[in-house]
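Chemist:
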Amino acid sequence: MSLGDAVSIMRGAILEIIIISAPILLVGMVVGLIVSIFQATTSIQEQTLTFVPKIAAILLVLALLGGWMFDSLRNYTINLFNMIPQMRG
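Just so it is clear: in the sequence shown, position 49 is 73 by our numbering, and no numbers are missing.
Below is the structure:
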């Protein structure tokens, strides 16, 4: 296995991580921004108000997109295992 092959595998892994985690991170960020704007306009500074909506939104995204995330990660792993015979030498 050459250095280029290793770099290609690492690049693919990083891209897969970004693609899989992006929906969860974006939903958490958007919900956090909405809650922050709500807190600023109403002067409610309750600490639990920030966490509960974020957790609920993230769990909802995981429930909706969990199958797609698992399939994507499974396909990447299968491709990695299929590359093992070509990496000899």
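Heads up, the beta-carbon is just placed ideally off N, CA and C, and yes, glycines get one too.
Where does E40 sit, in a helix, a strand or coil, going by DSSP?
Modeler: helix
Chemist: Just reading off the alpha helix (DSSP H) that P77 is part of, what are its end residues?
Modeler: 72-107
Chemist: When the distance is taken between beta carbons, is P47 closer than 8 Å to V85?
Modeler: yes
Chemist: Determine the direct distance from the alpha carbon of M34 to that of M25, and round the result to whole angstroms.
Modeler: 13 Å
Chemist: Could you give the DSSP three-state label for R35: helix, strand or coil?
Modeler: helix
Chemist: Quick one: using the 10 Å Cβ neighbour count with 16 as the cut-off for buried, is V59 buried or exposed?
Modeler: buried
Chemist: Indicate the three-state DSSP secondary structure (helix, strand or coil) for Q110 in the structure shown.
Modeler: helix
Chemist: Nearest by alpha-carbon distance to L89: which of Q69, V51, Y100 is it?
Modeler: V51
Chemist: From I119 to I43, what distance separates their C-alpha atoms?
Modeler: The structure shown does not extend to residue 119, since the chain spans only 25 to 113, so no value can be given for it.
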